[in-house]
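Sequential numbering of the sequence shown, starting at 10, is according to the working numbering.
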Amino acid sequence: MFEVEIPEWVAWLAQDKDGCWWGYSVEPHQHSTGWYENEVGDYIRLGLGDPNPGWQNSLRRNPG
């Protein structure tokens with residue numbers, strides 16, 4: 010696991026299949042191996058964790 014400072018504007022967190030964590034300002038869309046921005050919001054790469062075979066269940070609202 011890693012620690013990262015998440016910007017205040019990040020409302021959603023999600024991890025791709027390869028383990029990469031992303032932050033999004035609006036709820037992202039799912040594609041075949043991860044998540045992508047909603048075309049109206051911002052996003053930021055937060056870090057790389059272990060590959061996640063259950064990545065489809067990783068989308069969460071930012072509790073911060």
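We put the beta carbon where it would ideally sit given N, CA and C, even for glycine.
For G43 and P37, what's the separation of their Cα atoms in angstroms? Start at 1 with the first residue of the sequence shown, and residue 43 comes out as number 34. Start at 1 with the first residue of the sequence shown, and residue 37 comes out as number 28. Their backbone Cα atoms lie some 10 Å apart in a straight line.
Residue interval of the beta strand (DSSP E) (run including Q24): Residue numbering aside, residue 24 sits at position 15 when the sequence shown is read from its first letter. That run of the beta strand (DSSP E) goes W21 to Q24.
Considering only their Cβ atoms, is the gap separating G32 from V49 smaller than 8 Å? Taking the sequence shown and counting its residues from 1, the one referred to as residue 49 is at position 40. Taking the sequence shown and counting its residues from 1, the one referred to as residue 32 is at position 23. Cβ atoms of V49 and G32: not closer than 8 Å.
For N61, which residues in the same chain have their Cβ closer than 7 Å to its Cβ, ignoring the five residues on either side in sequence? For the purposes of this step, residue 61 is identified with residue 52 of the sequence shown, where counting begins at 1. Excluding sequence neighbours, N61 sits near Q24, K26, G28 and S67.
Suppose you measure from the CA of G73 to the CA of S34; what does that come to, to the nearest Å? As a working note, residue 73 is residue 64 in the sequence shown. As a working note, residue 34 is residue 25 in the sequence shown. If you take the alpha carbons of G73 and S34, they lie about 13 Å apart.
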